[in-house]
Amino acid sequence: MTRIRIAIVEDHEIVRAGLRATLGAESDMLVVGDARTGDEGVKLAERLHPDVMLLDIRLDDVEGPEVCRRALAVSPKTAVIMLTSYSQETLLVRSLAAGAKGYLVKDVEVSELKRTIRLVYRGNSVLDPKVTAHAVATLVSGVAPRETVAARAASLSPTDVAIVRAVSEGLTNKEIALRVNLSPHTVKDRLDKIRDMLGARSRAQIVTKALGEGVISAA
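Heads up: the sequence shown begins at -2 in my numbering, then just goes up one per residue.
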């Protein structure tokens, strides 16, 4: 039996280990390698040429869409499935434009993940039902989402605002976690969501855009 060779690019060790164990138990799947960073993921693709790559859309060093683009440049036959903690329209559009074949929210059922891997391996494209049709229409039409940064900024929760304020004070994720009573992992995920909502590319830009939209005020 031909086995689907899978590479995992994910910055959380416990998630990588879970995916390895879950997929490794399938008779038609083989996890050939994993990586913690985007740069490592590209090198993995170049060295192993996996059939399928599971790629976290938010990594510490390089954003998922760019990793996808680089990985496909060195391993064009690899089918990339983007994984995210929540639906991110902007990054979804960029991922599809970069050549991703699938996009799944991480709370997807294990059976659905396995089904998606098998489908993209056979040449299909699969999007999580939670992903809006508008995002796909955006990619097809080339028209940017109409929702403004101001509107998205106004929708930030009180906890999100507290996190942004803490970032503006120079606090680390661990320090922010203590302040808002969340885990560092959750703080990282919330910051990723905030960054996407504000159209920012760094912590500094989060603060700049938040100040500009009146989310927080200068000290």
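Think of the CB as a built atom: it goes at the ideal place given N, C-alpha and C, for glycine as much as any other residue.
Using the C-alpha atoms, what's the distance from residue j back to residue i?
i, j, result
"Ser108", "Ala22", "12 Å"
"Ile191", "Ile5", "25 Å"
"Thr205", "Met194", "13 Å"
"Leu94", "Ala201", "With the sequence shown as reference, residue 94 is identified as Ala, and Leu is not the correct amino acid for it. Going from the Cα of Ala94 to the Cα of Ala201 covers about 26 Å."
"Ser92", "Val102", "14 Å"
"Thr81", "Ser214", "31 Å"
"Lys171", "Arg119", "42 Å"
"Asp186", "Lys74", "30 Å"
"Thr169", "Glu7", "21 Å"
"Val184", "Asp36", "24 Å"
"Ser180", "Val164", "15 Å"
"Leu45", "Leu51", "14 Å"
Taking the beta carbon of residue i as the centre, do at least 16 other beta carbons fall within 10 Å, making it buried, or is it exposed?
i, result
"Ile54", "buried"
"Asp104", "exposed"
"Gly167", "exposed"
"Pro155", "exposed"
Tell me, please, which residues DSSP counts as bridged to residue i.
i, result
"Asp53", "Leu80"
"Gly30", "Ala4"
"Leu124", "Tyr100"
Could you pull out every residue in the same chain whose Cβ sits closer than 6 Å to the Cβ of residue i, ignoring the five residues on either side in sequence?
i, result
"Leu41", "Ala4, Gly30 and Ala32"
"His9", "none"
"Gly16", "A small fix is needed here, since residue 16 is Leu in this sequence, not Gly. Cβ within range, chain order: Ile5."
Take residue i and list the residues in its own chain whose beta-carbon comes closer than 7 Å to its own, dropping the five residues that flank it on each side.
i, result
"Val39", "Val64, Arg67, Ala68 and Val71"
"Asp57", "Asp8 and Thr34"
Taking 8 Å as the limit between beta carbons, can you name the residues of its chain near residue i, skipping five residues before and five after?
i, result
"Asn121", "Lys98"
"Val161", "Leu153, Ile191, Ile203, Val204, Ala207, Val212 and Ile213"
Query raised in the report: How about the stretch -2 to 18 and the stretch 26 to 40: do they share at least three Cβ pairs that are nearer than 8 Å?
Result: yes
Requested in this report: Specify whether the stretch 100 to 115 and the stretch 65 to 73 touch according to this definition: at least 3 beta carbon pairs, one from each stretch, less than 8 Å apart.
Outcome: no
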